[in-house]
Every structure is written in structure tokens, then in C-alpha cells.
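Plus 2 on top of the position in the sequence shown (first one is 1) and you've got my numbering.
Single-structure report; data block below.
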Amino acid sequence: MSGSCLWTTSLVLLAVCAKIAVWANNGDAVFIREFTLIRRDHLAEEPLHDGGQKPEDPSSRTARSEEDRDMLWDAWGSWSECSRTCGGGASYSLRRCLSSKTCEGQNIKYRTCSNVDCPSDAGDFRAQQCSAHADEQYQDQYHEWLPVYNDPDNPCALKCKAKGSGFVVELAPKVLDGTRCYTESLDMCISGICQVSNHVMNLNCFERLRSLSLTMLRMILRFLVLSC
């Protein structure tokens, strides 16, 4: 196998999970920088064109503009504790604007965590959040709160129903990060916004690769080598 083929194989393996989506507090996706770094490493391996000058790639200009923009920000902080211990939650990282003016970009990013199944007796996550309000009075009475699912207007608000009387109350404007938007979906609430499941899948790309068996990884490598 040639050296260029080996490099291509390595690049493809790395690029599989390079674009990892994280969400800002306004719902826009932000991408961690691995893809830019891999792309620039790849360009460095290419031969120079005639005249010793390599034409500037638009992606390299984009990379430089991103670096200039990021110079105005402090480094990203450490990741927060996961919002859940199982079942898929979210943690966040913050950064501080160092400019006297407004910085371009987001000051917060998210990633999923605790992507393991919960024990069968753990109970429903939304129901747990409703039950946590049982020791609070509502209209001078204590109630046993049951979860309200699949709200078409605001699936990431914590709406609960009082057992017995049946009236519905919004006990919190946002459910905890990692709460499923709908009962029959993998869509996840993060910072009060329902994020569709394909974004969640992208976010967990590295975790999924780490969970692959050695046999499966060998099959992927063999396919890439034969493709060369």
C-alpha cells in the first residue's frame, strides 16, 4: 500500500467524526475545531504547484478568519458536570470575551455525556423532575405531580399534571438537559431547545466509534484500504 493511500485512509478515519456539533444558547450549531486542523494538516502534505507557489484554498482563508476571531476570546473552560448520570445528558463549556467590544461567536458550547442506559428501575426522567416539586405548595396545597408528555407547542417546558384534580401547570420554563422532547423520539432538550436526533448522533460520533468492536474496526480499515 502506497504512502499516499495510507495518508488518505488515515484522513478518512479522522474525518468521519471531525465535525462534532454542539449547540449554543440560541440554538445555532457550533463546530469544534478538529475539522479545520485536520484539513490544514492535509494541505501541508500536498506538493507545491509550478513556480513554488501554492494557490490559496478558500478553506484556509476561512480557517485564518476563524483564528483571528478566536483571538478575541479567552480559552474554553472545563466541561461542567453532566446533567444526568445515565440515559444521555449534556454538559457545557464557557469562554470569556477579551475584547472591549462584542465578540463574534458564542460563549457557550454543549456536548452529550453519560450515554449509557439507565437501570430498568430508574424511572422516567421527566417524571422525576415533576415529582421534585411535590414539597412545594401550589394554590395553598401540596400535590403529587405527574408528567405531561409530547406538548406540541413547547416540548422542553416542564409541564406537570396534579394527580386527582387533573389541572396542568408549567412548573419550570425548561426541563433539565438530556430530557427527551417526545416519548417516541431520541430528540433531546438542551438549554430549553429541542435538538433533533441526527444532531445528537453527530455529537456522539467519537463515543460510537470507541464502542465499536475490534472486528468492526478491522472491517472498516479493510474497506478503506481496498478503496485505495
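Positions of the beta carbon are idealized from the N, C-alpha and C atoms, including for glycine.
Which residues in the same chain have their Cβ closer than 6 Å to the Cβ of H145, if we skip the five residues on either side of it in sequence? A164
List the whole-angstrom C-beta distance separating C132 from C158, where the pair is believed to meet the contact cut-off of C-beta under 8 Å. Not a contact, Cβ separation roughly 14 Å.
Close beta carbons around S247, own chain, < 6 Å, minus the five adjacent residues each side: With the chain covering 3 to 230 only, the question about residue 247 has no answer from this structure.
Suppose you measure from the CA of G125 to the CA of K103; what does that come to, to the nearest Å? Rounded to whole angstroms, G125 to K103 spans 47 Å at the Cα level.
With a 10 Å radius around its C-beta and 16 neighbouring C-beta atoms as the bar for buried, classify H51 as buried or exposed. Residue confidence for H51 is low, a pLDDT of 44 falling below 50, so the modelled location carries little weight; the figure read from the coordinates is stated next. Exposed: under 16 other Cβ atoms inside 10 Å.
Return the residue from the list S116, G91 and G166 that minimises the CA-CA distance to R128. G91
Ignoring anything shorter than 3 residues, give me the beta strand (DSSP E) runs that lie fully in the region 81-142, in order along the chain. 91-96 and 110-115
Selection from Q108, Q197 and Y112 that minimises the alpha carbon distance to S85: Y112
Determine the direct distance from the alpha carbon of G107 to that of A290, and round the result to whole angstroms. The chain is shown from 3 up to 230; residue 290 falls before or after that span and cannot be answered.
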